[in-house]
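K.L.:
Sharing a structure here in structure tokens format.
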Amino acid sequence: MQKSPAAVPQSTHNDPFSAVSVATTARLHFGFFDPSGKSSKPFGSFGLSLSEPWTRLTLRRASENAVHGPEAERAARYLDTIRTAHGIEQAYSLDIEAAIPSHAGLGSGTQLALAVGTAFGRLEGLDLSPPKIAALLERGTRSGIGIATFEVGGAILDSGPRDGALPQLVTRAAFPERWRALLIFDPEAKGLDGADELAAFETLPAYSEDERAALEARIVERALPALETADFGAFCDEVGHLQARMGAYFAPLQGGVFTSRRVAAVVAALRAAGARGLGQSSWGPTGFAFAETEADGLRLLDVASKADRNGTLRFVMARGRNEGAEITELSA
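The following block contains the structure:
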């Protein structure tokens, strides 16, 4: 039964379960149709839910507040904000088993916020949908990719923000099971975030209305149908085209097409080896390359490993994930 905020200053402990676990995965952000946010249809974006890396956490009632694990400080802020907003004084123990790397362009903050909020809402019997949680915790204001991948997974096209509302899901397509995404991590670099990201968007020039419309049309008319028919080449061409536009537009703010020169060098080697669908997720530094099969992915992994001359990068072979977050209610 749903409880109103006024009715739940303290939890009742009469529920059939004592804890809630949430597991959710990273996403790739391929780019915005209007990266300046200044056109008649600001932002609007295309992205993909990944099979890894994961954020996994468990929330339970406790006698005193405690948060343990990676990203504990940020998770504690999210939990405190959402608890205060609902007037609940109950103490909680939040255990974070794993967290998506932060400042890597993989949407870690949004997934952590949605995981914490979902666990809290389920534990306390509150009607807290992912969009409600995102609005409360100020996530997803420009891109709705992370919210939609948390809900349904797959490849996502969002509307961009409209009339003060968060971006909405426009279209969702399943990602072919046999395709792979080689992820290229640079632990020694980080993408823009927070105040730096906000300042960057303020300095960007307006984007052409015609270019915005053209980018959206290519995704709607070519990339999404290519996913439906498993046309690997066509999909990679469209992701590559969108990435080229984003790289050129954001280059003055991130020191080049790629945030990390080491990732850029590996991407160049992969391109020379015939890889397709190459790019950087969001502000990076994480890069990616698509492979049509596991065997081709392993070939690209070998190329990437040899191109990492200093051995500082990390590589992960991921799939697309066509399901939303995993939510588990744990018995006492």
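In my numbering, the protein residues as written are 1 to 332.
Where is the CB? At the ideal position from N, CA and C, for every residue including glycine.
The structure presented is a predicted model; accordingly, all values stated were derived computationally and were not measured.
Out of S36, N310, G44, A23, point me to the one whose CA is closest to P167's CA.
P.N.:
G44
K.L.:
Between which residues of its own chain and S129 is the CB-CB distance below 7 Å, once the five residues before and five after are set aside?
P.N.:
Apart from the 5 residues on each side of it in sequence, S129 has no Cβ closer than 7 Å to any other Cβ in its chain.
K.L.:
How about I147 and L169: do their beta carbons lie closer than 9 Å?
P.N.:
yes
K.L.:
Is it a yes or a no for the stretch 174 to 193 touching the stretch 311 to 324, going by three-plus beta-carbon pairs under 8 Å?
P.N.:
yes
K.L.:
Would you mind reading off the limits of the beta strand (DSSP E) that contains L169?
P.N.:
169 to 173
K.L.:
Is G117 closer than 9 Å to L136 when the C-beta atoms are compared?
P.N.:
yes
K.L.:
Between the alpha carbons of I219 and A230, how many angstroms are there, rounded?
P.N.:
15 Å
K.L.:
When the Cα of A62 is compared with those of A304, Y92, N310, S143, which residue comes out closest?
P.N.:
Y92
K.L.:
Check the C-beta distance from L28 over to S281 and give it rounded, since I have them as a contact under 8 Å.
P.N.:
A Cβ-Cβ separation of about 5 Å places L28 in contact with S281 under the 8 Å criterion.
K.L.:
For E238, count the other beta carbons within 10 Å of its own beta carbon; 16 or more makes it buried, fewer makes it exposed. Which is it?
P.N.:
buried
K.L.:
Check for me: the alpha helix (DSSP H) holding V220 runs from which residue to which?
P.N.:
Careful: V220 lies outside any alpha helix (DSSP H) and carries neither H nor E.
K.L.:
Ordered along the chain, which non-local residues of its own chain (more than five positions away) have a Cβ less than 6 Å from that of R142?
P.N.:
F43
K.L.:
Do the stretch 286 to 295 and the stretch 203 to 221 make contact, defined as three or more Cβ pairs closer than 8 Å?
P.N.:
no
K.L.:
For the putative contact between A304 and L270, defined by C-beta atoms under 8 Å, what is the C-beta separation to the nearest angstrom?
P.N.:
6 Å
K.L.:
Output the boundary residues of the alpha helix (DSSP H) element that contains T84.
P.N.:
It spans 72 to 85 - the alpha helix (DSSP H) in which T84 sits, taken as one unbroken run.
K.L.:
When the Cα of A223 is compared with those of F175, T24, P205, which residue comes out closest?
P.N.:
Answer by Cα proximity: F175.
K.L.:
Note down, in chain order, each residue of its chain lying with its Cβ closer than 6 Å to the Cβ of G247, except the 5 sequence neighbours on either side.
P.N.:
V257
K.L.:
Sort D296, D186, H241, G255 by Cα distance to G311 and report the nearest one.
P.N.:
D186
K.L.:
Using DSSP with H/G/I as helix, E/B as strand and the rest coil, what is I88?
P.N.:
If DSSP states are grouped into helix, strand and coil, I88 belongs with coil.
K.L.:
Nearest by alpha-carbon distance to G105: which of A19, L59, L48, V152 is it?
P.N.:
L48
K.L.:
Just curious, the alpha helix (DSSP H) that L112 is in, first and last residue?
P.N.:
108 to 124
K.L.:
According to DSSP, is T203 part of a helix, a strand, or is it coil?
P.N.:
helix
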